[in-house]
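Each position in the sequence shown, counted from 1, maps to that position plus 13 in the numbering used here.
For glycine and all other residues, C-beta sits at the position ideal for the given N, C-alpha and C.
Down below is the structure, laid out as structure tokens.
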Amino acid sequence: QSSVGARGLMQLMPGTAQDVAKGLGVIAQHATDRLIADPDYNALLGSEYLSQMSGRFDGNVVMVSAAYNAGPSRPAGWMQTYGDPRKGDIDIVDWIEMIPFRETQNYVMRVTESLPVYRARLGKDPLPQLFSEELTGSTLLPFAPKSK
Numbered sequence: 014q015s016s017v018g019a020r021g022l023m024q025l026m027p028g029t030a031q032d033v034a035k036g037l038g039v040i041a042q043h044a045t046d047r048l049i050a051d052p053d054y055n056a057l058l059g060s061e062y063l064s065q066m067s068g069r070f071d072g073n074v075v076m077v078s079a080a081y082n083a084g085p086s087r088p089a090g091w092m093q094t095y096g097d098p099r100k101g102d103i104d105i106v107d108w109i110e111m112i113p114f115r116e117t118q119n120y121v122m123r124v125t126e127s128l129p130v131y132r133a134r135l136g137k138d139p140l141p142q143l144f145s146e147e148l149t150g151s152t153l154l155p156f157a158p159k160s161k
């Protein structure tokens, strides 16, 4: 459990986990203690939440990781305050450095700096574009919920 109460493998807040469980139709089997006791269950909820954030933020890795760590309303508010780096309102690195929560800022930096490593480990081609373009693009869009 984290200092703010996030639990288990995917570090889910209990309220978020409950909302996701409800959306998945598994609320009857949901219990906060299960977030720590059952890593498969935690991963199910965490991956669904990550998918939801990917859909909400058009697969942009910076926004998705900020939303996953701080909640979706935070990056939405920061985009209103500082501008939307996906639209070129502000440089993406400057935007990350303006995140007011040190933990979230650090989390976003660790996620984004790991992109080339995971791309290589998954056997993907090297980045065909500048890293800054990768950060303003839709890297995670394939993980968003599919339209029905």
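- The way I'd put it, the stretch 38-53 doesn't touch the stretch 71-81; fewer than three beta-carbon pairs between them come closer than 8 Å.
- Taking P88 as the centre and dropping the five residues before and after it, the same chain places the C-beta of M76, A79 and A80 closer than 6 Å to its C-beta, in chain order.
- Within the same chain, Cβ atoms closer than 6 Å to the Cβ of P98 are found at I105, W108 and T149, the five residues on either side in sequence being excluded.
- Apart from sequence neighbours up to five positions away, the residues of its chain that approach G59 with a beta-carbon distance below 6 Å are M23 and L25, ordered along the chain.
- Taking 4 residues as the minimum length, the alpha helix (DSSP H) runs contained wholly in the stretch 58-97 are 74-83 and 86-95, in order along the chain.
- A residue is called buried when at least 16 other Cβ atoms come within 10 angstroms of its Cβ; N119 does not meet this threshold and is exposed.
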